[in-house]
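Asks: Residue 1 is where the sequence shown starts when you use the UniProt record's numbering, and the numbers rise one by one after that.
Beta carbons are placed, not taken as given, at the ideal position from N, Cα and C, and that holds for glycine.
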Amino acid sequence: MSHHTETLVIGAGPAGLTAAYLLSKQGRGVTVLESDANQVGGISRTVSHNGYLFDIGGHRFFSKSKAVVDLWDEILPDDFIDRPRLSRIYYNGKYYAYPLKAFEALKNLGLGTSVACVASYLFARANPVKEPKNFHEWVRNQFGERLFSIFFKTYTEKVWGMSCDAISADWAAQRIKGLDLGAAIRDGVKRSLGLGKRRKAGGPVIKTLIESFRYPRRGPGMMWEAAAAKTVAQGGKVHLDRMVDSLCFDGVTGLWTVSARRGDGSRETYTAKHVISSAPVRELVNAIRPRPLSTFNARALAYRDFLTVALIAKSDKTFPDNWIYIHDPSVKVGRVQNFRSWSPEMIPDETHTCLGLEYFCFEGDGLWNASDDDLVALAKAEIGKIGLIDPADVVDACVVRQPKAYPVYDEDYAAHIATVRRELERDYPTLHLVGRNGMHKYNNQDHAMMTAMLTVENIRAGTRRHDVWRVNEDAEYTEAGLSGAQEALGSERLVPRKVA
Ligand SMILES: Cc1cc2nc3c(=O)[nH]c(=O)nc-3n(C[C@H](O)[C@H](O)[C@H](O)COP(=O)(O)OP(=O)(O)OC[C@H]3O[C@@H](n4cnc5c(N)ncnc54)[C@H](O)[C@@H]3O)c2cc1C
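(1) State yes or no: is the C-beta of Asp374 nearer than 8 angstroms to some heavy atom of ligand 1?
(2) Among the candidates Tyr428, Gln39, Ala313, Asn286, whose CA atom is the shortest distance from the CA of Arg340?
(3) My guess is that residue 503 and Asp55 are in contact by the Cβ rule of under 8 angstroms, so how many angstroms apart are they, rounded?
(4) Rounded to whole angstroms, what is the Cα-Cα separation between Ile75 and Val40?
(5) Which one of Arg460, Thr31, Leu454, His440 has the shortest CA to CA distance from Val232?
(6) Note the first and the last residue of the continuous alpha helix (DSSP H) segment covering Ala228.
(7) Specify the secondary structure class of Phe360 as computed by DSSP and reduced to three states.
(8) To the nearest angstrom, how far is the alpha carbon of Asp82 from that of His136?
(9) For Gln337, list the residues DSSP reports as bridge partners.
(10) I want to check one thing, is the minimum distance from the CB of His447 to the heavy atoms of ligand 1 below 8 angstroms?
(11) For Glu476, is the beta carbon positioned less than 8 angstroms from some heavy atom of ligand 1?
(12) Any chance the CB of Glu34 is under 8 angstroms from a heavy atom of ligand 1?
(13) For Arg60, which option in Thr46, Gly364, Tyr52, Val400 has the closest C-alpha, if you only look at C-alpha atoms?
(14) Name the one or two DSSP bridge partners that Phe249 has.
(15) Which of helix, strand or coil does DSSP assign to Tyr270?
(16) If we count the other Cβ atoms within 10 Å of its Cβ and call it buried at 16 or more, is Lys380 buried or exposed?
(17) Is it the case that the CB of Leu284 approaches a heavy atom of ligand 1 more closely than 8 angstroms?
(18) What do you reckon, are the CB atoms on Ala124 and Phe151 nearer than 9 angstroms?
(19) Taking 8 angstroms as the limit between beta carbons, can you name the residues of its chain near Gly263, skipping five residues before and five after?
(20) Here's the rule: buried if 16 or more other CB atoms are within 10 angstroms of the residue's CB, otherwise exposed. What is Trp171?
(21) Buried or exposed for Gly112, please, with buried defined as at least 16 other CB atoms from any protein chain shown within 10 angstroms of its CB.
(22) Please name the residue in Ser212, Val420, Glu268, His352 whose C-alpha comes closest to that of Met1.
(23) Measuring CB to CB, does Ala397 end up less than 9 angstroms from Leu301?
(24) Do you know how far the Cα of Thr419 is from the Cα of His432?
(25) Measuring CB to CB, does Leu367 end up less than 9 angstroms from Leu307?
(26) Leaving aside the five residues before and after Pro329 along the sequence, list all residues of the same chain whose C-beta is less than 6 angstroms from its C-beta, in chain order.
(27) When the Cα atoms are used, what is the spatial distance from Val139 to Tyr90?
(28) Ligand 1 and Lys230: does any heavy atom of the ligand fall closer than 8 angstroms to the residue's C-beta?
(29) Give a yes or no on contact between the stretch 11–30 and the stretch 268–283, applying the rule of three or more CB pairs nearer than 8 angstroms.
(30) Is Lys441 buried or exposed, if buried means 16 or more other CB atoms sit within 10 Å of its CB?
(31) Whether or not the stretch 159–168 and the stretch 98–112 are in contact is what I'm after, with contact meaning three or more pairs of Cβ atoms, one per stretch, closer than 8 angstroms; do they touch?
(32) Could you spell out the range, first to last residue, of the beta strand (DSSP E) harbouring Pro403?
(33) Can Glu358 be considered in contact with ligand 1, in the sense that its beta carbon sits closer than 8 angstroms to one or more heavy atoms?
(34) If we ignore side chains and look at the alpha-carbon of each, how far apart do Tyr406 and Asn437 end up?
(35) How far does the alpha helix (DSSP H) with Lys237 in it reach, from first residue to last?
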């Protein structure tokens with residue numbers, strides 16, 4: 001027997017649940033199918049282990065889009081807290097404020113290295129690589145070789161698992177907009193002198209510099225649990241343990257037949273007029289029948305995976321950072337989250353601390369396949385080396401693996417996505433791609449939500465009035481198109497933006 005719904009949503013992450021919440025609020029039929037058997041939230045879920053709560057990476061709630069912020073407040077009106085933001089970089093046994101403060105960086109690096117950095121910058125300015133093609137060349141042109149190797153190379157290579165020579169220069173240009181060492185020094189001096197906090201009324205909000213952020217008191221999962229509960233209260237359906245692996249379009253009836261597999265091997269079938277998909281593009285296209293020609297392009301899309309080792313310790317050693325970037329090449333860990341600093345409610349026992357050691361990896365590689373015991377042993381050894389807590393104080397631990405945490409922006413991804421998009425929009429106008437892996441866009445919750453919000457508008461209007469591909473990385477959407485979005489972005493980045 002097959003179930004019928006007007007709109008079928010694949011995935012109960014921020015994008016899928018935003019769509020389902022809004023459609024059900026309008027009284028429209030909607031069913032969400034989520035492959036996870038236990039919880040909603042996708043990459044923005046909150047994991048619970050023996051009462052300790054933690055994120056898949058810490059999730060700040062910040063958006064320039066008022067519509068997104070209003071929706072957060074509507075779904076979770078009473079549970080946001082304001083958190084001070086502090087993050088530092090750990091390199092060569094020393095901590096650096098992030099974004100950098102010039103005098104502190106000078107002191108930590110020492111006069112000799114600092115002078116060498118400036119000299120290497122001046123050399124790069126005088127002898128730039130013409131038409132930089134990769135991340136290394138682009139950053140070297142803007143900052144000099146010396147600073148590239150200290151503050152960019154190791155962390156970037158940990159995150160992406162490939163040489164900075166193989167990462168597209170476009171990625172650097174998008175992420176480190178308009179910044180060079182001169183601008184960084186001016187900003188860093190201001191920050192050292194405490195002049196960096198004030199912002200002219202109406203001036204641009206610089207995301208990397210914001211000093212506080214909002215956070216649900218029990219983590220981002222709280223937002224998405226609430227969205228799912230409200231969707232159901234409004235008449236929508238949210239089903240866990242349903243892995244969608246087949247979508248067939250019937251050109252005569254105009255209906256989709258969607259099939260989902262459950263953990264016990266059983267199958268369910270749904271028919272729907274519209275399908276909204278937040279599933280990874282590679283998997284979605286592979287599941288569509290008739291098989292799209294762009295399956296070849298979708299197969300070429302790559303992902304970077306991620307795992308967190310949460311170490312719970314009985315320790316009075318505390319530090320104020322929400323997270324610390326670990327640039328130091330002597331350890332594999334890329335970032336350490338300090339969950340008490342995100343919200344005290346994440347830690348049920350005041351005498352304990354919970355740190356999340358984040359490792360970037362590829363599904364199937366040595367780290368990903370290592371046993372949980374080996375990963376905990378590695379994390380304990382590395383946290384001891386960094387010195388944030390004493391490994392002997394660790395009383396409990398938990399490993400969480402997150403496949404496809406990052407859609408990879410390699411040289412060809414944009415062309416592949418353009419081909420997939422063109423074919424799907426032409427042949428399947430009632431199939432709507434939304435969200436992070438759903439559109440292969442390396443962006444935050446607010447972007448995922450905005451693409452879902454506009455899609456709901458399109459379904460209501462019965463046309464593709466809004467082009468969701470025009471939502472920019474700050475979740476801003478302008479019908480005027482990219483030039484308008486870029487104008488809005490023009491003065492946005494003054495400092496390198498770290499990956500989320
Ligand atoms: C380390 C890290 C830190 C981050 N930090 C922040 C931050 O500070 N602030 C912020 O706003 N954002 C942050 N993000 C980004 C945020 O997690 C994502 O933007 C957001 O979760 C994307 O929502 P989504 O619904 O598009 O996708 P997802 O969260 O990936 O959800 C997709 C859902 O679809 C399900 N699914 C997939 N395929 C199928 C299928 N075939 N059948 C059924 N279900 C399926 C998945 O199980 C998942 O639940 C961070 C991300 C990472 C990796």
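Replies: Reading it off the structure:
(1) no
(2) Ala313
(3) Since the displayed the chain opens at 1 and closes at 500, residue 503 lies outside it and no answer follows.
(4) 15 angstroms
(5) Thr31
(6) 220–233
(7) strand
(8) 37 angstroms
(9) Trp323, Gly356
(10) yes
(11) no
(12) yes
(13) Thr46
(14) Trp256
(15) strand
(16) buried
(17) yes
(18) no
(19) Ala37, Asp241
(20) buried
(21) exposed
(22) Glu268
(23) no
(24) 15 angstroms
(25) yes
(26) Thr154
(27) 20 angstroms
(28) no
(29) yes
(30) buried
(31) no
(32) 394–407
(33) yes
(34) 8 angstroms
(35) Looking at the DSSP string, Lys237 is not in any alpha helix (DSSP H); the run it does join, the beta strand (DSSP E), is 237–239.
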